[in-house]
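In full-length UniProt numbering, the protein residues as written are 1 to 150. All C-beta atoms in this analysis are idealised placements derived from N, C-alpha and C, irrespective of residue type, glycine included. These numbers were taken from a predicted model, which means no experiment stands behind them. The next block holds one structure in the form of structure tokens; read it before the comments.
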């Protein structure tokens, strides 16, 4: 599977519908203060991209099992202040787009053997780089479908 093309095709598929959805006033509206707005969900995908970008590069440069550290997703969304901070909805969309293009570029540079490199997850499970990339893609699609239900 060509993961870089998969990631780029997801960006291409969702970028314009996300932009159009932002024209609606409810994109940044919080229906419940305990849940993320659509803008914050997209921001969460930026945080996920930032964390996974680092992981994908660490894998590329490692000859040993790479320890994958989890991150506090709520802290990241709050710290980046996607809801009320300086970034507009369009800014968050652009950040998500560029981070994923950067990830696609990194993954494109992988040799076949890089996809078989091992990661150890925070629960002790061992998986491959290919699994990690697929998990990243599935996670992204899950949240994009939550933002843009059919």
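Asked	Found
Proximity below 8 Å, CB of residue 127 to CB of residue 121	yes
Complete beta strand (DSSP E) runs within the UniProt domain "DinB-like" (24 to 146) (minimum length 3 residues, chain order)	118 to 120 and 126 to 128
Environment of residue 40 [buried if 16+ CB atoms lie within 10 Å]	buried
Continuous alpha helix (DSSP H) stretch holding residue 148: start and end	Taken as a continuous stretch (DSSP letters only), residue 148 belongs to no alpha helix (DSSP H), as it is neither H nor E.
Own chain residues within Cβ distance below 8 Å of residue 66, not counting five before or after	55, 58, 59, 117, 118, 119 and 120
C-beta atoms of residue 106 and residue 53 nearer than 8 Å	yes
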